[in-house]
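Okay, so here's the structure we're looking at.
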Amino acid sequence: VYNEGVTLKAKLIDGKFPEYQRAIPKASEHVAMIHRENFVNAIKRAQCVMDAKHDGLAFDFSKDSLMIAGKNADHEQSEEVIEITSSGIESLFTIGFNGRYMVDALNSMDTETVKISLNPASSALIEATEVCGQRVIMCMRI
5 VYNEGVTLKA
15 KLIDGKFPEY
25 QRAIPKASEH
35 VAMIHRENFV
45 NAIKRAQCVM
55 DAKHDGLAFD
65 FSKDSLMIAG
75 KNADHEQSEE
85 VIEITSSGIE
95 SLFTIGFNGR
105 YMVDALNSMD
115 TETVKISLNP
125 ASSALIEATE
135 VCGQRVIMCM
145 RI
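In this note's numbering, the protein residues as written are 5 to 146.
Written out as structure tokens, the structure is:
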């Protein structure tokens, strides 16, 4: 395709498209419903002590609250607690996520409440309560 000094070239790749569905976690018994805007704001406040190299936040889920904690190399700390509605979360468990990735995923959704299906060993599946897709965030060691 050519249009006023711009040329677009495309090449068909012969092969099978990867099975992307395998990367999407299956439904989990650990589910949290969180007000999206409150969640984004809490993550941003917890990130205030983080730097570009170290953006891993600890997400401590309990039955009715979520504590988001950050700690930098200078041992400065931040903690934010927000209310959640959960099912399958009976005791406290911690999972680490990159705060920037989580904020980006949440900001790309146009919904008031998000449903997070958690797999403490590997990932989180973020779904909108209204129709606007799914986001997968891989966990990280913190």
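Every residue gets a Cβ at the ideal spot worked out from N, C-alpha and C, and that includes glycine. Predicted, not measured: the structure shown is a model, and the values here were computed from it.
Using a Cβ-based criterion (distance less than 6 Å to any ligand heavy atom), does residue i qualify as near the ligand HEM?
i	result
Phe97	Of ligands this structure carries none, so the ligand HEM is not represented either.
If we count the other Cβ atoms within 10 Å of its Cβ and call it buried at 16 or more, is residue i buried or exposed?
i	result
Gln81	exposed
Ile99	buried
Leu63	One point to set straight first is that residue 63 is Phe, not Leu, in the sequence displayed. Phe63 should be labelled buried.
Leu129	buried
Leu16	exposed
Which residue from the options puts its Cα closest to that of residue i?
i	options	result
Glu94	Pro29, Pro22, Ile28 and Ala36	Ala36
Arg39	Val140, Glu131 and Leu61	Reading off the sequence, residue 39 comes out as His, not Arg. That would be Glu131, whose Cα lies nearest to the Cα of His39.
Asp108	Ile88, Asn45 and Ala62	Asn45
Asn42	Ile86, Ile17, Ser121 and Arg145	Ile86
Ile120	Gly103, Val140 and Asp68	Val140
Phe65	Ile88, Glu23 and Met113	Ile88
Ala73	Tyr24, Ala56 and Ala50	Ala50
Quick check on residue i: does DSSP put it in helix, strand or coil?
i	result
Leu96	coil
Ile88	coil
Met144	coil
Ile28	coil
Asp55	coil
Phe43	helix
Asp108	helix
Lys48	helix
Gly60	strand
Gly74	strand
Compare the beta carbon distance of residue i and residue j with 7 Å and say whether it is the shorter of the two.
i	j	result
Asn102	Pro29	no
Met106	Ile47	yes
Roughly how many angstroms separate the alpha carbons of residue i and residue j, rounded to a whole number?
i	j	result
Ile146	Lys13	43 Å
Thr117	Ser32	18 Å
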